[in-house]
Amino acid sequence: MELNEQWTKYYNSTFYIDKTFDLDDEDVYMSSHETRFRLFSSMEYEGQLYMTPLNFIESVTMSEPKNKRIWKSLTKQELEQMLTDTPPVFKGSSNLFRNLRHRGIIGYTEYIFLLCILTKPHAGFKIAFNMFDADGNEMVDKREFLVLEEIFRKKKDRKVGADGLCLPYSASTQVLRTEAQHLEPRGIWDVLRKGASQALFSDLENMDENMTDTTLLVHFFGKKGKAELGFDDFYRFMDNLQTEVLEIEFLSYSKGLPIISEEDFARILLRFTNVDDIAGYLDNVRKSITDEKGITFDEFRSFFQFMNNLEDFAIAMQMYNFANRSIGQDEFARAVYVATGLKLTDHLVHTVFHIFDEDRDGQLSYKEFIGVMKDRLHRRAFRVDDKKKFTSFKSCLKKEISSGR
7 MELNEQWTKY YNSTFYIDKT FDLDDEDVYM SSHETRFRLF SSMEYEGQLY
57 MTPLNFIESV TMSEPKNKRI WKSLTKQELE QMLTDTPPVF KGSSNLFRNL
107 RHRGIIGYTE YIFLLCILTK PHAGFKIAFN MFDADGNEMV DKREFLVLEE
157 IFRKKKDRKV GADGLCLPYS ASTQVLRTEA QHLEPRGIWD VLRKGASQAL
207 FSDLENMDEN MTDTTLLVHF FGKKGKAELG FDDFYRFMDN LQTEVLEIEF
257 LSYSKGLPII SEEDFARILL RFTNVDDIAG YLDNVRKSIT DEKGITFDEF
307 RSFFQFMNNL EDFAIAMQMY NFANRSIGQD EFARAVYVAT GLKLTDHLVH
357 TVFHIFDEDR DGQLSYKEFI GVMKDRLHRR AFRVDDKKKF TSFKSCLKKE
407 ISSGR
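Per the working numbering, the very first residue in the sequence shown carries number 7; after that it's consecutive.
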């Protein structure tokens, strides 16, 4: 069979295209996750795109890359050296990604997994671990971890767009796929958990043994893939990743000092939201907080740990009948503690109130606060220009078909 025929057969079996869908249509959109992955990725190996650890850090702390990306094609020897330099999980730290910089690769599925970690509360780490522990032996091996890959491959190969069209959808973990914007996940972790609960261990028996190892796989399971991952190491990895990203955000504003200003704290909080009048919120802070003490990293970290428990906080507020009225600082702090076990400092609570207290009555509008914070939690990981059309899929696909690759 000729290469062109092989590619066409592969394409037809991988994508479903409704007859009304035209590859010449200029409205081919990619999912926001994939668009962002492609935007920040800088490595290519055997036709697949990869992020480096530093690419990943930039993707969750910056709106767009500092420099225009030119994908570097890795040789087998270069990749082998990267994997050899990868430290084992028991040597992990909150500097792992910064230390590795561009000496490592992260695949698209792993990118989604890492995004999930960033917004996962500590209480959910055990659930995440158990999701991968298929045989219940309190250890996760490489094949169990790759259930994650299998779930993505086995998702439905049809996705219906807002206009009723069936859009192309890749059944593999390759980044070249399109997905309707309105299908943005309610919670990708929920999708993975549901998929993992349905996955059978036998599904992995025919897994490709020649698949490309990545930095994350070697970090967790060693160069030979024989090591197993315990919960303590898994927990430490997730906690370290959250800490590392927060440290980078904090340091970008602290300018070498142990604190950031209350105004900069507000600026970070509102950074990934759809708030129109950010200047108004910042003005609230400037006028209300005359004696600036600054926000320490411990305070900064505790607030974002609270953010990852936002759903539990919302439930607590409803139980206390606070959800439909404004609340005071003591009530807010008590609800945070009941819901999350976190004790926010008086100064941190005071600062949050001054950010969101528009009429300066010392009360916080719960609905406004929770709406803005939920928006930030979602957009932080998945922010992308909704109006930007990714038409290169069309040209790339045509090029692949014509070249017979």
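Note that CB positions come from ideal geometry on N, CA and C, so glycine has one too.
Being a predicted model, the structure only gives us computed values, none of them experimental.
Between the beta-carbon of residue i and the beta-carbon of residue j, is there less than 9 Å?
{"i": "residue 109", "j": "residue 91", "result": "yes"}
{"i": "residue 274", "j": "residue 360", "result": "no"}
{"i": "residue 111", "j": "residue 58", "result": "yes"}
{"i": "residue 315", "j": "residue 357", "result": "no"}
{"i": "residue 248", "j": "residue 123", "result": "yes"}
{"i": "residue 277", "j": "residue 382", "result": "yes"}
{"i": "residue 288", "j": "residue 272", "result": "yes"}
{"i": "residue 246", "j": "residue 99", "result": "yes"}
{"i": "residue 263", "j": "residue 309", "result": "no"}
Closest to residue i by CA distance: which of the options is it?
{"i": "residue 255", "options": "314, 285, 67, 267", "result": "67"}
{"i": "residue 74", "options": "45, 345, 50, 82", "result": "45"}
{"i": "residue 341", "options": "321, 360, 224", "result": "321"}
{"i": "residue 291", "options": "305, 245, 365", "result": "365"}
{"i": "residue 228", "options": "347, 248, 149", "result": "149"}
{"i": "residue 120", "options": "39, 144, 78, 89", "result": "39"}
{"i": "residue 70", "options": "350, 335, 61", "result": "61"}
{"i": "residue 257", "options": "114, 49, 301, 347", "result": "301"}
{"i": "residue 369", "options": "336, 345, 265, 113", "result": "336"}
{"i": "residue 225", "options": "287, 363, 151, 276", "result": "151"}
{"i": "residue 129", "options": "241, 230, 138", "result": "241"}
{"i": "residue 303", "options": "83, 266, 232", "result": "266"}
{"i": "residue 343", "options": "381, 363, 353, 318", "result": "318"}
{"i": "residue 373", "options": "125, 349, 83, 323", "result": "323"}
{"i": "residue 117", "options": "82, 97, 223", "result": "223"}
{"i": "residue 63", "options": "102, 53, 84", "result": "102"}
{"i": "residue 72", "options": "48, 331, 84, 269", "result": "48"}
{"i": "residue 114", "options": "144, 140, 231, 218", "result": "218"}
{"i": "residue 379", "options": "325, 137, 313", "result": "313"}
{"i": "residue 85", "options": "285, 264, 137, 221", "result": "221"}
{"i": "residue 333", "options": "349, 309, 353, 376", "result": "376"}
{"i": "residue 95", "options": "239, 82, 143, 140", "result": "239"}
{"i": "residue 362", "options": "325, 286, 331, 353", "result": "286"}
{"i": "residue 65", "options": "250, 53, 43", "result": "43"}
Which residues does DSSP list as the beta-bridge partners of residue i?
{"i": "residue 51", "result": "54"}
{"i": "residue 146", "result": "235"}
{"i": "residue 97", "result": "None, per the DSSP bridge assignment."}
{"i": "residue 370", "result": "333"}
{"i": "residue 78", "result": "49"}
{"i": "residue 266", "result": "301"}
{"i": "residue 123", "result": "Its beta-bridge partners do not exist; DSSP assigns none."}
{"i": "residue 112", "result": "57"}
Taking 8 Å as the cut-off, is the C-beta of residue i nearer than that to any heavy atom in the ligand PLP?
{"i": "residue 333", "result": "Looking for the ligand PLP in the displayed structure turns up nothing, as the structure carries no ligands at all."}
Assuming residue i contacts residue j under a Cβ cut-off of 8 Å, what Cβ separation, rounded to an integer in Å, is found between them?
{"i": "residue 351", "j": "residue 298", "result": "Their Cβ separation, rounded to whole angstroms, is 15 Å, which puts residue 351 and residue 298 out of contact at 8 Å."}
{"i": "residue 234", "j": "residue 153", "result": "Their Cβ separation, rounded to whole angstroms, is 15 Å, which puts residue 234 and residue 153 out of contact at 8 Å."}
{"i": "residue 1", "j": "residue 243", "result": "The first residue shown for the chain is 7 and the last is 411, placing residue 1 beyond what the model contains."}
{"i": "residue 106", "j": "residue 77", "result": "About 18 Å; that fails the 8 Å criterion."}
{"i": "residue 80", "j": "residue 51", "result": "4 Å"}
| alpha helix (DSSP H) runs contained entirely in the stretch 299-329, provided each spans 4 or more residues | 303-313, 316-325
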